[in-house]
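Scroll down for the structure; my scribbles are underneath it.
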Amino acid sequence: MRSSKTLLLALPFLIMLTFLLRHKPSDRFTDATPFFNNLITPPLLEVDVLQHVDIAEDKLLGGLLADGFDEQSCLSRYQSILYRKALPYKPSPYLVSKLRKYEDLHKRCGPNTPSYNKAVEKSNCKYVVWVWYSGLGNRILALASVFLYALLTERVLLVDRGNDMASLFCEPFPERSWFLPMNLPIAKKFSSFDQKSAESYGNLLKNYMIKASMGSLPSYMYLHLAHDYDDHDKLFFCDDDQALLKRFTWLVVKTDNYFVPSLFLMPSFEDELKKLFPNKETIFHHLGRYLFHPSNHVWGIITRYYKAYLARADERVGIQVRIFDKGPGPYQYVKDQISACTIGEKLLPEVDTRRLAVNPSKNPKVKAVLMTSLVYGYYENMKNIYWEHPTVTGDIIGVHQPSHEEQQRSEKPLHNMKALAEMYLLSLTDVLVTSAWSTFGYVAQGLGGLKPWILYKSENQTTPNPPCQRAMSMEPCFHAPPFYDCKAKEGIDTGKVVPHVRHCEDIMIRGWLAKPYK
């Protein structure tokens with residue numbers, strides 16, 4: 000199979016190193032400084048963003064979205080196509096049909112329905128509850144994974160709203176909310192659930208307190224699928240264990256992983272997944288655009304910035320910088336790496352430092368560079384380069400950075416609004432450069448249908464050579480996959496089981512590189 004149809008797994012040794020090096024596993028923001036620091040509130044450009052789309056034909060994204068929502072309650076749901084070029088990735092008819100069936104199930108069994116009220120005790124409806132956990136990039140990827148699991152197992156997805164989900168996203172399903180009612184007794188336990196919880200599936204198995212032959216089962220099952228899960232927790236990805244889990248009315252999942260690739264290794268799901276996603280690199284692209292519609296407040300932030308800084312450009316280049324090294328930065332080796340990648344891959348033109356380019360181009364191309372980073376220095380460096388020197392091509396380069404928050408604090412709702420706005424703005428670019436291991440970048444590339452150039456993580460604070468590599472797929476990486484053969488009951492390299500599940504190219508140490516294949 001071609002490399003463009005892959006799902007990605009990370010090597011286990013490197014993943015352990017990942018979590019040792021970073022004390023928090025996701026991209027976050029802080030409100031230490033005002034949002035969009037370099038926004039001087041100019042008059043918004045009168046840009047015809049409708050020129051390349053037929054709204055009536057495309058607003059449902061090829062049938063991905065259901066019609067009939069109140070458009071004013073969620074402007075982004077049907078307006079997102081106005082800000083994107085036409086994409087070639089269409090949802091399969093089977094996926095469209097499956098989503099309409101799920102919506103019917105959600106109407107019948109969702110919160111505040113007779114079936115739901117009975118299910119608190121017992122009914123034919125079954126549920127999977129996603130627990131609010133980790134930073135926004137991780138949450139978006141994890142929630143998409145849990146929703147796919149709900150589709151595969153015919154369960155209703157219910158979402159723990161945490162402190163910001165309602166302010167970030169619109170409701171994705173018609174008529175019924177996706178939020179778990181706050182009065183559900185089990186919700187009081189969510190904050191205490193972790194890998195050591197006695198009621199977790201892995202610990203119950205480890206202590207021989209649950210087995211398939213049991214006649215009576217607990218009222219719910221807690222599944223710990225976060226980065227620190229152990230071998231017993233990972234048995235979730237075995238078909239025999241799925242047969243047991245199928246008997247529970249309530250499953251509660253806590254995860255910060257995009258675990259979709261491992262679902263493709265399970266025989267019980269294989270045929271259904273092939274029908275849902277004939278093009279296997281479009282899973283998050285479709286599920287993300289179906290589920291995650293920015294709220295009207297966040298959408299206003301996105302569209303105002305886009306019109307002011309990006310809309311008139313001939314080409315938009317997104318550069319997402321996420322550094323896991325300790326210390327505030329910026330680092331010179333990262334500045335050098337960004338330049339080596341963008342110029343070496345001809346994403347941006349070289350500059351004439353000797354000032355020999357005296358004849359400007361008759362038809363210069365205007366490129367808008369959107370940079371996102373917690374620090375200001377990378378933006379300032381690139382802005383000064385293209386301000387102080389002409390380009391050898393005559394192209395005009397404008398560099399913009401919405402915010403530079405310096406620190407990350409995931410508990411602040413405002414931070415996550417900023418993060419979502421910048422992820423979405425990156426997804427609207429034509430060309431994208433992302434940082435290795437960053438879920439922030441994964442979300443942007445998936446929503447935008449983009450195969451980014453990945454900036455490798457540095458060793459010893461030196462510029463990697465090569466500085467970056469083109470991703471084989473726009474699918475996110477599963478940072479902590481199981482490496483276990485459920486049938487043979489032994490360890491296995493799950494990145495070599497099927498041709499469409501491969502190791503992630505952005506998880507590397509020299510000598511430990513999972514290469515893309517031809």
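Numbering (numbering that gives the first Met the number 0), first residue to last: 0 to 517.
Idealized CB from N, CA, C, for every residue including glycine.
(request) Between the Cα of LYS325 and those of LEU157, GLU458, PRO90, THR433, spot the shortest distance and give me the residue it belongs to. (result) As a working mapping, residue 325 is identified with position 326 in the sequence shown. Taking only the C-alpha atoms, the option nearest LYS325 is GLU458.
(message) Suppose you measure from the CA of LEU98 to the CA of GLY62; what does that come to, to the nearest Å?
(response) To locate residue 98, count along the sequence shown from 1; it is residue 99. To locate residue 62, count along the sequence shown from 1; it is residue 63. Straight-line Cα distance between these residues: approximately 10 Å.
(request) Quick one: using the 10 Å Cβ neighbour count with 16 as the cut-off for buried, is SER72 buried or exposed? (result) Reading the sequence shown from its first residue, position 73 is the one you call residue 72. By the neighbour-count rule (16 or more Cβ atoms within 10 Å), SER72 is not buried but exposed.
(request) With distances taken Cα to Cα, identify the nearest neighbour of TRP131 among ASN116, LEU224, LEU74. (result) Stepping through the sequence shown from its first residue, residue 131 is reached at position 132. Of the candidates ASN116, LEU224, LEU74, the one whose C-alpha sits nearest the C-alpha of TRP131 is LEU224.
(message) Please tell me whether PHE263 and HIS478 are closer than 9 Å, where the distance is taken between their beta carbons.
(response) Here residue 263 corresponds to residue number 264 of the sequence shown, with the count starting at 1. Here residue 478 corresponds to residue number 479 of the sequence shown, with the count starting at 1. Result no, Cβ atoms of PHE263 and HIS478 do not sit closer than 9 Å.
(request) Kindly give me the distance between the Cβ atoms of TYR441 and LEU140, rounded to whole angstroms, as I take these residues to be in contact under 8 Å. (result) Position 442 of the sequence shown, counting from 1, holds the residue named residue 441. Position 141 of the sequence shown, counting from 1, holds the residue named residue 140. Sure, about 6 Å apart at Cβ, within 8 Å.
(message) For a minimum of 4 consecutive residues, which ranges assigned as the alpha helix (DSSP H) are wholly contained in the segment 52-79?
(response) 54-57, 74-78
(request) Going by CA-CA distance only, name the one from ALA307, VAL432, VAL333 that's closest to PRO463. (result) Looking up residue 463 in the sequence shown gives position 464. Among ALA307, VAL432, VAL333, the Cα nearest to that of PRO463 is on VAL333.
(request) Ignoring anything shorter than 3 residues or poking outside the segment 376-417, list the beta strand (DSSP E) runs there in chain order. (result) 395-399
(request) Can you give me the Cβ contacts of VAL52 inside the same chain, cut-off strictly under 6 Å, excluding the 5 residues immediately before and after it? (result) The count along the sequence shown starts at 1 and reaches residue 52 at position 53. Only weak support exists for where VAL52 lies, its pLDDT of 46 falling under 50; the coordinates are left without a value.
(request) Indicate whether HIS226 and ASP255 have their beta-carbon atoms separated by less than 9 Å. (result) In the sequence shown, the residue the question calls residue 226 occupies position 227. In the sequence shown, the residue the question calls residue 255 occupies position 256. For HIS226 and ASP255, yes; Cβs fall inside 9 Å.
(request) Assign TYR455 to one of two classes, buried (16 or more other C-beta atoms within 10 Å of its C-beta) or exposed (fewer than that). (result) Stepping through the sequence shown from its first residue, residue 455 is reached at position 456. TYR455 should be labelled buried.
(message) As a quick exercise: from LYS345, MET473, ARG354, pick the residue whose alpha carbon is nearest that of LYS450.
(response) Your numbering for residue 450 matches position 451 in the sequence shown. It is MET473 whose Cα lies nearest to the Cα of LYS450.
(message) So TYR126 and VAL155 are supposed to be a Cβ contact under 8 Å. How far apart are they, rounded?
(response) Counting from 1 along the sequence shown, the entry for residue 126 is found at position 127. Counting from 1 along the sequence shown, the entry for residue 155 is found at position 156. That belief holds up - the Cβ atoms of TYR126 and VAL155 are roughly 5 Å apart, short of 8 Å.
(request) List the residues that DSSP assigns as beta-bridge partners of THR341. (result) By one-based count along the sequence shown, residue 341 stands at place 342. Paired residue(s): none; THR341 is not in a bridge.
(message) Let's test the definition: count the other Cβ atoms within 10 Å of the Cβ of ARG138 and tell me whether it reaches 16, buried, or not, exposed.
(response) Reading the sequence shown from its first residue, position 139 is the one you call residue 138. Buried, since its Cβ has 16 or more Cβ neighbours within 10 Å.
(request) Any chance you could list the alpha helix (DSSP H) runs of at least 4 consecutive residues sitting entirely within the segment 417-504, in chain order? (result) 438-447
(message) Quick check on the burial criterion: 16 or more other C-beta atoms within 10 angstroms. Buried or exposed for GLN331?
(response) Here residue 331 is taken as the residue at index 332 of the sequence shown, counted from 1. Exposed: under 16 other Cβ atoms inside 10 Å.
(request) Look up ASN173 in the DSSP assignment and say whether it is helix, strand or coil. (result) What you label residue 173 is simply residue 174 of the sequence shown in a count that begins at 1. One detail in the question is off: residue 173 reads as Pro in this sequence, not Asn. Residue state, collapsed to three classes: coil.
(request) Could you give the DSSP three-state label for TYR221: helix, strand or coil? (result) For the purposes of this step, residue 221 is taken as the residue at position 222 of the sequence shown. Three-state result, TYR221: strand.
(message) Comparing C-alpha positions only, which one of LEU179, LEU60, LYS84 sits nearest to HIS105?
(response) By 1-based counting over the sequence shown, the position of residue 105 is 106. The residue with the shortest Cα to Cα distance from HIS105 is LEU179.
(request) Buried or exposed for ASP505, please, with buried defined as at least 16 other CB atoms from any protein chain shown within 10 angstroms of its CB. (result) The count along the sequence shown starts at 1 and reaches residue 505 at position 506. Buried, since its Cβ has 16 or more Cβ neighbours within 10 Å.
(message) Would VAL316 and VAL368 be called neighbours here (beta carbons separated by less than 9 Å)?
(response) Counting from one through the sequence shown, the residue named residue 316 turns up at place 317. Counting from one through the sequence shown, the residue named residue 368 turns up at place 369. Their beta carbons are under 9 Å apart, which means VAL316 touches VAL368 by this criterion.
(request) Could you tell me if TYR221 is buried or exposed, where buried requires 16 or more neighbouring beta carbons within 10 angstroms of its beta carbon? (result) Counted from its first residue, the sequence shown places residue 221 at position 222. Per the 10 Å Cβ criterion, buried.
(request) Write down the C-beta distance between GLY67 and ARG175 rounded to the nearest angstrom, noting that I regard them as a contact closer than 8 Å. (result) The residue you call residue 67 lines up with position 68 of the sequence shown. The residue you call residue 175 lines up with position 176 of the sequence shown. Not quite, the Cβ-Cβ distance comes to about 13 Å (not below 8 Å), so this is no contact.
(message) Just to confirm before moving on: does the CB-CB distance between PHE172 and GLU102 stay below 9 Å?
(response) Here residue 172 corresponds to residue number 173 of the sequence shown, with the count starting at 1. Here residue 102 corresponds to residue number 103 of the sequence shown, with the count starting at 1. Yes; because the gap between Cβ atoms is below 9 Å, this pair is in contact.
(message) The alpha helix (DSSP H) that contains GLN319, what's its start and end?
(response) Mapped onto the sequence shown, residue 319 falls at position 320. Here GLN319 belongs to no alpha helix (DSSP H); instead the beta strand (DSSP E) covers 314-319.
(message) How far does the beta strand (DSSP E) with TRP249 in it extend, from its first residue to its last?
(response) Locating residue 249 in the sequence shown gives position 250, where the first residue counts as 1. Unbroken beta strand (DSSP E) run through TRP249: 249-253.
(message) Based on DSSP bridge pairs, tell me the residues matched to PHE146.
(response) Numbered from its first residue, the sequence shown carries residue 146 at position 147. PHE146 is not bridged to any residue.
(request) Taking all protein chains shown into account, decide if LEU446 is buried (16 or more other Cβ within 10 angstroms of its Cβ) or exposed. (result) If you number the sequence shown from 1, residue 446 lands on position 447. With 16 or more Cβ atoms within 10 Å of its Cβ, LEU446 is classed as buried.
(message) Considering only their Cβ atoms, is the gap separating SER144 from VAL251 smaller than 9 Å?
(response) For the purposes of this step, residue 251 is taken as residue 252 along the sequence shown, with counting starting at 1. For the purposes of this step, residue 144 is taken as residue 145 along the sequence shown, with counting starting at 1. Against a cut-off of 9 Å, the Cβ pair of SER144 and VAL251 comes out as no contact.
(request) Could you pull out every residue in the same chain whose Cβ sits closer than 7 Å to the Cβ of TYR289, ignoring the five residues on either side in sequence? (result) To locate residue 289, count along the sequence shown from 1; it is residue 290. Once the five neighbours on either side are set aside, the close Cβ partners of TYR289 are LEU63, LEU64, LEU98, PRO171.
(request) Could you have a look at LYS205 and say whether DSSP puts it in helix, strand or coil? (result) Counting from one through the sequence shown, the residue named residue 205 turns up at place 206. DSSP places LYS205 in helix when its eight states are reduced to three.
(request) Using a threshold of 9 Å, state whether the C-beta atoms of THR461 and PRO480 are closer than that. (result) Position 462 of the sequence shown, counted from the first residue, corresponds to residue 461. Position 481 of the sequence shown, counted from the first residue, corresponds to residue 480. Not in contact: THR461 and PRO480 (Cβ atoms no closer than 9 Å).
(message) Among the candidates ARG76, TYR93, PHE482, VAL350, whose CA atom is the shortest distance from the CA of PHE563?
(response) Outside the shown range of the chain, which is 0 to 517, sits residue 563, and nothing can be said about it.
(request) Pull up the distance between the alpha-carbon of TRP452 and that of MET471, whole angstroms please. (result) Position 453 of the sequence shown holds residue 452. Position 472 of the sequence shown holds residue 471. Near 10 Å, if we compare the C-alpha coordinates of MET471 and TRP452.
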